[in-house]
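With my numbering applied, the sequence shown covers 2 to 389. Have a look at the structure below before the remarks.
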Amino acid sequence: MKPLSDKSSSFTDSVIRRMTRVSIQYDAVNLSQGFPDFDPPKEITDRLAEVAATGPHQYALTWGAKNFRDALAKKYKHFSGMDIDPESEIVVTCGSTEAMMASMMSVCNPGDKVVIFSPFYENYGADTILSGAQPVYVPLNPPEFTFDADVLEAAIKQEGVKALILCNPSNPCGKVFTRDELVIIAELAKKYDIYVITDEVYEHILYKPNKHTYISTLPGMRERTIICNSLSKTYSITGWRLGYVIASPVIVDRVKKVHDFLTVGAAAPLMEAAVTGLNFGDEYYEELQRHYTHMKEVFTGGLKDIGLNFSDPQGAYYVMVDISEFGYDDDVVFCEELARKVGVGAVPGSSFFKEDVHNYIRFHFAKQDETLYKALDRLSDIRTKMNR
Ligand SMILES: Cc1ncc(COP(=O)(O)O)c(C=O)c1O
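Laid out in structure tokens, this is it:
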């Protein structure tokens with residue numbers, strides 16, 4: 002038989018999902034794959050029950066139900082001050098995952114280059130392969146995960162660079178880019194005429210005093226920013242697969258077409274139910290921050306008590322722990338042994354870094370207290386069980 006496609010052969014198995022399988026095999030507390038183990042807001046699930054009876058159950062408009070886009074535009078006005086035309090500047094997608102893929106396919110020709118900060122969310126690797134683009138990596142230097150503006154400029158000015166992907170707040174390192182850092186990125190984007198494709202799925206998961214700045218609101222950035230975002234994390238509905246692209250009409254016009262042929266559209270009944278969430282008032286987002294701050298304090302407080310070295314996250318729900326003290330030169334082996342000997346699942350940091358970094362592992366802490374305490378209890382033995 003003829004060989005299958007080159008593109009599909011270049012994908013590697015997701016390390017995160019592999020660590021989930023390892024966690025199951027050893028009955029470990031799985032803090033590898035990032036999804037909450039608590040329920041979404043009851044108002045949203047109650048509304049879903051109503052919608053089950055009333056519909057809609059057929060295709061929505063390909064670029065998203067009107068009431069969903071209207072509610073989204075209103076929410077963006079509230080949080081970012083941006084005026085967004087729900088007809089020409091929004092495409093509702095199947096999660097931010099599709100939003101990013103459709104954006105990359107709308108922007109890139111095969112051979113174009115895309116700048117990606119490393120460590121990075123693993124999907125961007127696949128997105129570049131599928132869109133035919135070549136990644137150019139710029140390091141975010143641990144433990145503070147800052148970048149060197151000269152290194153960034155050297156990357157952006159390379160011939161063929163078309164876009165930069167900005168994950169803010171960042172998975173895996175929990176970095177929230179400051180306004181000053183975003184100004185540097187924005188100025189370079191304008192100077193070298195590139196697009197900025199954002200991934201802002203953690204925009205509401207922030208730890209004080211960090212604040213989210215939408216790079217699209219910086220001078221001259223609105224027309225060159227393509228916002229990819231979703232409801233997955235903000236409303237704890239990762240399984241609903243609701244995301245969106247917000248960009249200028251010229252860009253959205255292209256994204257609409259790619260999206261139409263990729264998926265036709267997001268699930269109509271879920272869009273209808275999720276409008277309830279988009280209409281929540283400020284108190285919902287304040288409570289979300291309180292809840293995440295509590296989970297972060299429980300988990301990182303426990304890590305501190307155990308004496309582990311970690312980078313305190315500014316946003317998102319992950320923490321990178323430095324495992325140098327354990328004397329392993331392979332973080333994948335470390336994670337497998339951690340699941341087997343200690344009973345806690347983590348992701349090897351090397352799966353996020355392009356650079357040769359093997360001394361970090363990533364835990365996520367979007368979990369109920371009892372899950373976090375169980376993991377911490379097990380981790381309290383880490384030195385006796387893991388030292389070489
Ligand atoms: C940075 C980042 N972007 C996108 C996603 C996926 O988002 P969605 O569920 O909207 O496809 C995740 C999920 O973990 C993520 O961490």
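A virtual CB, placed ideally from N, CA and C, is assigned to each residue, including glycine. As the structure is a computational prediction, the values presented were derived from the model and not from experiment.
Query	Result
Got a sec: does ligand 1 put a non-hydrogen atom nearer than 7 Å to the Cβ of Val108?	no
What span of residues does the beta strand (DSSP E) with Met321 cover, start to end?	Tyr319 to Asp323
Under 7 Å: does the beta carbon of Thr21 sit that close to some heavy atom of ligand 1?	no
CB-CB under 8 Å to Ile186, same chain, minus the five flanking residues each way: which ones, in chain order?	Leu153, Leu165, Leu167, Phe178, Val197 and Ile216
What three-state label does DSSP hand His205 in the structure shown?	coil
Would you call the CB atoms of Pro173 and Ser312 closer than 8 Å?	no
Within a Cβ cutoff of 6 Å, which residues of the same chain sit near Gly221, ignoring the five residues on either side of it in sequence?	Lys191
Verify whether the separation of the beta carbon atoms of Cys229 and Thr264 is less than 8 Å.	no
Okay, do the region 317-329 and the region 81-100 touch, 3+ Cβ pairs below 8 Å being the bar?	no
Buried or exposed for Ala54, please, with buried defined as at least 16 other CB atoms from any protein chain shown within 10 angstroms of its CB.	exposed
Would you list the residues sitting across from Ile307 in a DSSP beta bridge?	Paired residue(s): none; Ile307 is not in a bridge.
From the DSSP secondary-structure annotation, give me the bridge partner or partners of Phe364.	Val320
Would you kindly work out how many angstroms separate the C-alpha atoms of Ala150 and Tyr203, rounded to a whole number?	24 Å
So what does Asn124 bridge to, in DSSP terms?	In the DSSP output, where bridge partners are listed per residue, Asn124 has none listed.
According to DSSP, simplified to helix, strand and coil, what is Asn169?	coil
If I follow the unbroken beta strand (DSSP E) through Thr55, where does it start and stop?	Not the beta strand (DSSP E): Thr55 falls in the alpha helix (DSSP H), residues Lys43 to Thr55.
Where does Pro270 land, buried or exposed, given buried means 16+ other C-beta within 10 angstroms?	buried
Buried or exposed, going by whether 16 or more other CB atoms sit within 10 Å of the CB of Leu62?	exposed
Measure the CB-CB distance between Val137 and Val115 and report whether it falls below 8 Å.	yes
Please name the residue in His295, Ile362, Ala274 and Asp378 whose C-alpha comes closest to that of Ser49.	The sequence shown places Leu at residue 49, not Ser. Of the candidates His295, Ile362, Ala274 and Asp378, the one whose C-alpha sits nearest the C-alpha of Leu49 is Ala274.
Please say whether Ala127 and Val259 have beta carbons closer to each other than 8 Å?	no
Under 8 Å: do the region 65-79 and the region 22-41 share three or more Cβ pairs, one atom per stretch?	no
Which residue wins for smallest C-alpha separation from Tyr122, given the options Val162, Ser15 and Leu5?	Ser15
Compute every distance between the C-beta of Val202 and the non-hydrogen atoms of ligand 2, then say whether any falls below 7 Å.	Questions concerning ligand 2 fall outside what the structure shown contains, since the ligands it does hold are ligand 1.
By the three-class DSSP mapping on this structure, what secondary structure does Phe118 have?	strand
Which one of His359, Pro314, Asp331 and Ser10 has the shortest CA to CA distance from Pro170?	Pro314
Helix, strand or coil for Asn68 per DSSP?	helix
Assuming Val30 and Val345 form a contact by the criterion Cβ under 8 Å, report the distance between their Cβ atoms to the nearest whole angstrom.	5 Å
Counting only beta-carbon separations shorter than 8 Å, does Val162 have a partner in chain B?	Although the question refers to chain B, the structure presented lacks it and comprises just one protein chain.
Return the CA-CA distance between Thr401 and Gly278, expressed in angstroms with no decimal places.	Nothing can be reported for residue 401: it is not among the residues displayed for the chain, which extend from 2 to 389.
Quick one: is Tyr60 buried, meaning 16 or more other Cβ sit within 10 Å of its Cβ, or exposed?	exposed
Is any non-hydrogen atom of ligand 1 found closer than 7 Å to the C-beta of Ser11, if you look at the structure I gave you?	no
So, is Val256 buried or exposed, given that buried needs 16 or more other C-beta atoms within 10 angstroms?	buried
So is Val92 buried or exposed if we call it buried at 16+ other beta carbons inside 10 Å?	buried
Helix, strand or coil: how does DSSP classify Asp200 here?	strand
Taking a contact to mean a Cβ-Cβ separation below 8 Å, would you say Pro244 touches Gly96 in this structure?	Contrary to the premise, residue 244 reads as Gly rather than Pro in this sequence. Contact flag set, yes.
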